[in-house]
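**Q** I have a structure I would like to understand better, so I am pasting it below and will then ask my questions one at a time.
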Amino acid sequence: MLRSKHHFFIYPFFQRYTLWLLYRHFHNVTVEGSFSDSGKPVVLIGNHIGWWDGFWGMYLKLKIVKRKFHFMMQEDQLLRYRFFNYTGGFSIKRNSRQVIESLQYAASLLDNPDNMVLMYPQGKLQSLYSDSFIFEKGIERIIKGRDGEVQLLMSVNMIDYLAHPKPSLYIYIREYNGAFLLGELEEAYNNFYADCLAVQKTRTE
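Numbering (this note's numbering), first residue to last: 20 to 224.
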């Protein structure tokens, strides 16, 4: 597997590039919710809707979480876009023995309180309009037994155009305080998403 790297030039460039991209392509970016930093390693999970996801995760790292950025990426995509390997990306190859190694590596990153790991527990891209999420077992293997040792932050990314030619990005965040069990986390995330959608529907101009 490919382990994450943080190149002395590429990693800082990627952070600045992220801010520039969002400024150029979005009318505005709004973060709704709060994060009470307890100094622990952070797992960030979100809805996996497309090409922008990693940049939105980096934006949260820069503005809210302030940890060293690591993210899980399909091996074929990471090999195709090696740039991301030098910005914190590490590989996972589904349906192979390497999956266990990747999950163990992700878990080991959480031994360091300076780290954050971004992942998408549903394990696949879904439409922006999906409103129901089924998590795969990988997330539980990473966080199992770490209750109280790791902060888990849920995020939901939504976009709206309203009166502007560029979309506005709304990033909702909520801390997860339940048991580190797959079923409970999945239920909590789906409830959180429903709450976010209810708020988003009320937006007008």
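Ideal Cβ positions, reconstructed from N, Cα and C, are used throughout, including at glycine.
(1) Using the C-alpha atoms, what's the distance from threonine 37 back to leucine 216?
(2) On the CB-based measure, 16 or more other CB atoms within 10 Å of its CB, does glycine 197 come out buried or exposed?
(3) Taking just the CA atoms, how far does serine 57 sit from leucine 134?
(4) Can you grab the Cα-Cα spacing for the pair glutamate 194 / phenylalanine 74, in whole Å?
(5) Quick one: Cα of glycine 164 to Cα of lysine 185, how far?
(6) Can you tell me whether glutamine 123 is buried or exposed, with buried defined as 16 or more other CB within 10 angstroms of its CB?
(7) Would valine 218 be called buried (16 or more neighbouring beta carbons within 10 Å of its own) or exposed?
(8) With the cut-off set at 9 angstroms, would you say serine 187 and phenylalanine 45 are in Cβ contact?
(9) Alpha carbon to alpha carbon, how far is glutamate 155 from phenylalanine 109? Give it in angstroms, no decimals.
(10) Using 10 angstroms around the beta-carbon of proline 140, count the other beta-carbons present and answer buried if the total reaches 16, otherwise exposed.
**A** On the basis of the data shown:
(1) 25 angstroms
(2) exposed
(3) Inspection of the sequence shows that residue 134 is occupied by asparagine rather than by leucine. For asparagine 134 and serine 57, the distance between alpha carbons rounds to 13 angstroms.
(4) 20 angstroms
(5) So the alpha carbons of these two residues sit roughly 43 angstroms apart.
(6) It is exposed - the Cβ of glutamine 123 has fewer than 16 other Cβ atoms within 10 Å.
(7) Exposure of valine 218 is indicated by the presence of fewer than 16 other C-beta atoms within 10 angstroms of its C-beta.
(8) Their beta carbons are under 9 angstroms apart, which means serine 187 touches phenylalanine 45 by this criterion.
(9) 18 angstroms
(10) buried
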